[in-house]
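K.L.:
Everything in the sequence shown is counted per my numbering, starting at 1088 for the first residue and increasing by one.
Ideal Cβ positions, reconstructed from N, Cα and C, are used throughout, including at glycine.
It should be emphasised that the depicted structure is a prediction, and the values quoted were computed from it without experimental measurement.
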Amino acid sequence: MAAAWCMPLDFDPPKVTVVIDKHTLTRELVEASGEFAVNIPARGLAAMTESVGNLSGRDVDKFADLKLTTFTAEKIGAPLLEGCVGWLECKVIEERHNQDKYDLFIAEVIAAWADLRDFSNGRWHFEPGRARSIHYVAGGTFFETGEAFNVKDL
């Protein structure tokens, strides 16, 4: 599934939050395994990202039907998608109240990768001509991370 609401929560240890609707197959899989992957796509994967988000794994085999190319994660069972600008392997921190009431999952990031040209020293570097992460808005519309600037340069 594509999760539109995913964000960093903490640095030490690194944590993320993600909203996963209780009626999805993804929710069942995450609750059963206690883990999930966050794949960070760029513009070239926007159509695939929308398709993954609009289809249910209960109805189709998304990996086969969308011809998704994956590779094996190091610490979790969920596959990672090729072509992304970054990947997070996450272990759920059990918070039943948040999960049941708000569909909100908190997870510790137990492994992470990104192209060092795009991410280093704990920060993204969005250089001209390099891939940038995309962020879903609604109705097939995405934002692409824009130009970075430093307040000291203003």
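1) Counting pairs of beta carbons, one from the region 1094-1103 and one from the region 1190-1205, are three or more of them closer than 8 Å?
2) Opposite Pro1100 in the DSSP bridges: which residues?
3) Which residues in the same chain as Lys1162 place their Cβ atom closer than 7 Å to its Cβ, once the five residues preceding and following it in sequence are excluded?
4) So is Asp1205 buried or exposed if we call it buried at 16+ other beta carbons inside 10 Å?
5) Return the bridge partner residues of Phe1229 from the DSSP annotation.
6) From what residue to what residue does the alpha helix (DSSP H) around Glu1214 run?
7) So is Asp1152 in contact with chain B if we call contact Cβ pairs under 9 Å?
8) Are Ser1207 and Pro1128 touching if we call contact CB-CB under 9 Å?
9) Compute the distance between the beta-carbons of Ala1124 and His1222, then report whether it is under 9 Å.
10) May I have the straight-line CA-CA distance separating Glu1231 from Met1135, to the nearest angstrom?
11) According to the neighbour-count rule (16 or more other Cβ atoms, all chains shown, within 10 Å of its Cβ), is Gly1170 buried or exposed?
12) Are there 16 or more other CB atoms within 10 angstroms of the CB of Gly1173, so buried, or fewer, so exposed?
13) Going by the DSSP bridge assignment, what does Met1094 pair with across the sheet?
14) Mind checking which residues open and close the beta strand (DSSP E) that includes Asn1126?
15) Among Phe1150, Val1179 and Cys1093, which has the Cα closest to the Cα of Leu1168?
P.N.:
Let me spell this out:
1) With the rule of 3 Cβ pairs closer than 8 Å, the region 1094-1103 counts as touching the region 1190-1205.
2) Looking at the DSSP output, Pro1100 shares a beta bridge with no other residue.
3) Only residues of its own chain outside the window of five on either side were considered, and among them Glu1176, Ile1197 and Ala1198 have a CB closer than 7 Å to the CB of Lys1162, listed in chain order.
4) Buried.
5) The partner list for Phe1229 (beta bridge, DSSP) reads Tyr1223.
6) Counted as a single uninterrupted DSSP element, the stretch harbouring Glu1214 is not any alpha helix (DSSP H), since DSSP gives it neither H nor E.
7) Absent from the structure: chain B. Only one protein chain is present.
8) Not a contact, by the Cβ cut-off of 9 Å.
9) Not in contact: Ala1124 and His1222 (Cβ atoms no closer than 9 Å).
10) One C-alpha to the other measures close to 15 Å.
11) Under this definition Gly1170 is an exposed residue.
12) That one is buried.
13) Looking at the DSSP assignment, Met1094 forms a beta bridge with Thr1104.
14) For Asn1126, the enclosing beta strand (DSSP E) starts and ends at Glu1122 to Ile1127.
15) Of the listed residues, the one whose Cα sits closest to Leu1168 is Phe1150.
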